[in-house]
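Asks:
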Amino acid sequence: MEWHNWSGSVSAQPRAIARPRNESELRAAILATPRVRVRGAGHSFMPLCETDGTLIDMSDYDAPIEIAADRASAWVPAGWSLARLTETLWKEGVSLINQGDVNPQSLAGATATGTHGTGKDLGSLSTQVIAFELMLADGSLVVCDAEHHPDLFQAQRLSLGLFGVATRIRINVLPAYYLEERVEARPLGEMAERWQELAAATRHFEFFVFPYADTVIFKSLHPIAGEGEMPHSTDIDERPFRVACELGRKANFLIPPLQRLMMRLSSKPSRRVGPAWQIFPGERTIRFEEMEYELPRADGIPTLFEAIGYIRRKKLPVAFPFEFRLVAGDDIWMSPFNRGVGSSISFHQYARMPWRALFAEIEPVLRGANGRPHWAKRHTLGPDQVHALYPKTGDFLKVRAEVDPAGKFVNADLARLFGIERK
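Its first residue numbered 186, the sequence shown is counted upward by one per residue in this note's numbering.
1. Leaving aside the five residues before and after glutamate 369 along the sequence, list all residues of the same chain whose C-beta is less than 6 Å from its C-beta, in chain order.
2. Determine the closest residue to glycine 238 out of Leu599, Leu602, Phe594, Ala600, with distance taken between C-alpha atoms.
3. Hey, quick one: how far does the alpha helix (DSSP H) through lysine 499 stretch, first residue to last?
4. Under the assumption that lysine 562 contacts methionine 476 (Cβ atoms under 8 Å), give the Cβ distance between them as a whole number of angstroms.
5. Just the Cα atoms here: how many angstroms apart are alanine 536 and valine 571?
6. Jot down the residue ranges of each uninterrupted alpha helix (DSSP H) in the stretch 248-282, minimum 4 residues, whole runs only, in chain order.
7. If we call anything under 8 Å between Cβ atoms a contact, is phenylalanine 532 one with phenylalanine 509?
8. Please return the same chain residues whose Cβ sits closer than 8 Å to the Cβ of leucine 582, not counting the five positions on each side in sequence.
9. Determine the direct distance from the alpha carbon of aspartate 323 to that of proline 219, and round the result to whole angstroms.
10. So, are the CB atoms of aspartate 247 and asparagine 190 less than 8 Å apart?
11. Does lysine 499 pass the burial test, meaning 16 or more other C-beta atoms within 10 Å, or should it be called exposed?
12. Anyone know if the C-beta pair for proline 481 and glycine 525 falls short of 8 Å?
13. How many Å lie between glutamine 359 and proline 441 at the Cα?
14. Quick test of your reading: tyrosine 566 and proline 576, contact by CB under 8 Å. State the CB separation rounded to the nearest angstrom.
15. Quickly, what does DSSP pair arginine 472 with across the bridge? List them, please.
16. Nearest CA to the CA of threonine 300: which residue from Ala513, Asn555, Gly485?
17. To the nearest angstrom, report how far apart valine 327 and glutamate 318 are at their CA atoms.
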C-alpha cells in the first residue's frame, strides 16, 4: 500500500488506510495501531502525512453542518475539502472570510498548517477557527475552545496534526458575498514603489513575478455585487506556461527569454465576477515543489528583490514565478505570523526539474531576513531553530505530551523537527 503527496516528492507505505464514517469507526482506527496520521489532499510538501502505521482519510466522516443562530460561525466537517465545504456553505447563504488560491485541501489540514490567502488585514484560516471537536489518542472525544481545555485549543489552532484527529471545526463565516477579480501586468519597479497603496485599495492583494522578467502579474480581489451566472473560468491560463516549463526543462538557457516572452503575452488585463468560493481558487494543474517563507511586512519586498538578484547573478534555472502576498498578524502559538503583520514569499520549481539543491541555495536568503517557513512547504528547520523562532514551543510540546504521551500522532519527520522521542 503506497501513498504519494500532490507533487510526487513524498511517499509513504502505511499498513492501512482507514476511511471512518462515524465516531465508532474512527475510534476503532485510532485504537488499533500505535502510529496514526491523517491525510487530506496531499498538498503538504513536507512529509507531514508520512506513516508506516494507519493513514486516516476523514473525507467520508458523517458530521453535520450547523450554522449559528447569528450566522457568524458554523460547525463544519473537518475532513471536507475546501472546495466541497465552500460550495455547501454558499448554498446555506454564508462564505468563509478568506481562502487561498487553491481549494482541494481539507479544512483540518489547512488550519493545522497555517494555510492562508492574502489580504493586509486578513489572517490565516487558523485565525478564523473558534472551536474544535477532536478525538484524542485514547479514543476520547473532546471539544476545545478558549474556555474549555484552553491550552489544548491554543495548541490545536496550528497543530501539525500532533494532538488528535479533528472531526468538526467551528469557524467564523460571513454572509455569502461576491468578488471581483482583476488580473493585469505591471512593471516590477512600480509594484515595489506602490505596493502599500495598491494593497490598501483592495481586500486581497498579490502578485507573481518571474525571476528573469521585470513585469509582474498583479491580481486583486474585492467584494462587489453579483453580476449573474459566472461561466467556468480560471484566473490564469496555464497552457503557454506548461509549454514554457517543458522547454525550460530540456534547455535551461531558454528560461530567461521564455519568461520575458510570457510576460509580453500576458499584457492584456482580465476581469471576472462571481461567488467568493468560485473566485478565490484557480486551477493549478502544473505540478511543482514549493518553499514559502513568512517575513515581517517591511522585510518582504527587499527580500524578494534580494532573491531575484541572487537567481540572476547565479543564473539559476528557476522555471516558476515567485508569489508575493500579505497576511495579518495573530496570537497563535506556532504561527509564523504571531509577531505581527507579515509578507509571504512563495518560491516554486517545476516538479519535473531538479529542486533540492536550488531550494538549499534560496532558503538562506529567505530565512536571513527574519523569515519563518510555512510548516507545510519545504524547509530545513531543526529543534533548536524551532525553539528559537517560537517562544511557545515548550507549551506546545507540553500539551502534546499530556494528550498523546505515547506519540501515536508523531511521525518520523515531526519527531526530528521538534526533538520528540517516540516510544
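For glycine and all other residues, C-beta sits at the position ideal for the given N, C-alpha and C.
Replies: With the structure as the only source:
1. Position 184 of the sequence shown, counted from the first residue, corresponds to residue 369. These residues qualify, in order along the chain: Phe403, Pro454.
2. Position 53 of the sequence shown, counted from the start, is the residue given in the question as residue 238. The shortest C-alpha to C-alpha distance from glycine 238 to any of Leu599, Leu602, Phe594, Ala600 is the one to Phe594.
3. As a first step, residue 499 is located in the sequence shown; it is residue number 314 there, counting from the start. Bounds of the alpha helix (DSSP H) holding lysine 499 are 482-499.
4. Position 377 of the sequence shown, counted from the first residue, corresponds to residue 562. Position 291 of the sequence shown, counted from the first residue, corresponds to residue 476. With a Cβ gap of about 5 Å, lysine 562 and methionine 476 count as contacting.
5. Taking the first residue of the sequence shown as position 1, residue 536 is located at position 351. Taking the first residue of the sequence shown as position 1, residue 571 is located at position 386. Their backbone Cα atoms lie some 28 Å apart in a straight line.
6. Listed in chain order, they are 267-276.
7. Reading the sequence shown from its first residue, position 347 is the one you call residue 532. Reading the sequence shown from its first residue, position 324 is the one you call residue 509. No, these two residues do not count as a Cβ contact at 8 Å.
8. For the purposes of this step, residue 582 is identified with residue 397 of the sequence shown, where counting begins at 1. Excluding positions up to five away in sequence, the list reads Phe603, Ile605.
9. For the purposes of this step, residue 219 is taken as residue 34 along the sequence shown, with counting starting at 1. For the purposes of this step, residue 323 is taken as residue 138 along the sequence shown, with counting starting at 1. For the pair proline 219 and aspartate 323, the Cα-to-Cα distance works out to about 11 Å.
10. Within the sequence shown, the letter at position 62 stands for residue 247. Within the sequence shown, the letter at position 5 stands for residue 190. No; because the gap between Cβ atoms is not below 8 Å, this pair is not in contact.
11. Your numbering for residue 499 matches position 314 in the sequence shown. Exposed: under 16 other Cβ atoms inside 10 Å.
12. In the sequence shown, residue 481 corresponds to position 296, counting from 1. In the sequence shown, residue 525 corresponds to position 340, counting from 1. Between proline 481 and glycine 525, the C-beta spacing is below 8 Å.
13. For the purposes of this step, residue 359 is taken as residue 174 along the sequence shown, with counting starting at 1. For the purposes of this step, residue 441 is taken as residue 256 along the sequence shown, with counting starting at 1. Strictly speaking, residue 359 in this sequence is leucine, with glutamine absent from that position. Counting only the Cα atoms, proline 441 lies some 43 Å from leucine 359.
14. Here the question's residue 566 lines up with position 381 in the sequence shown. Here the question's residue 576 lines up with position 391 in the sequence shown. The amino acid occupying residue 566 in the given sequence is leucine; tyrosine does not appear at that position. Rounded, the Cβ-Cβ distance is 15 Å, inconsistent with contact.
15. The sequence position of residue 472 within the sequence shown is 287, counting from 1. According to DSSP, which records beta bridges pairwise, arginine 472 is partnered with nothing at all.
16. Residue 300 sits at position 115 when you count from the first residue of the sequence shown. Of the listed residues, the one whose Cα sits closest to threonine 300 is Ala513.
17. Here residue 327 is taken as the residue at index 142 of the sequence shown, counted from 1. Here residue 318 is taken as the residue at index 133 of the sequence shown, counted from 1. Near 6 Å, if we compare the C-alpha coordinates of glutamate 318 and valine 327.
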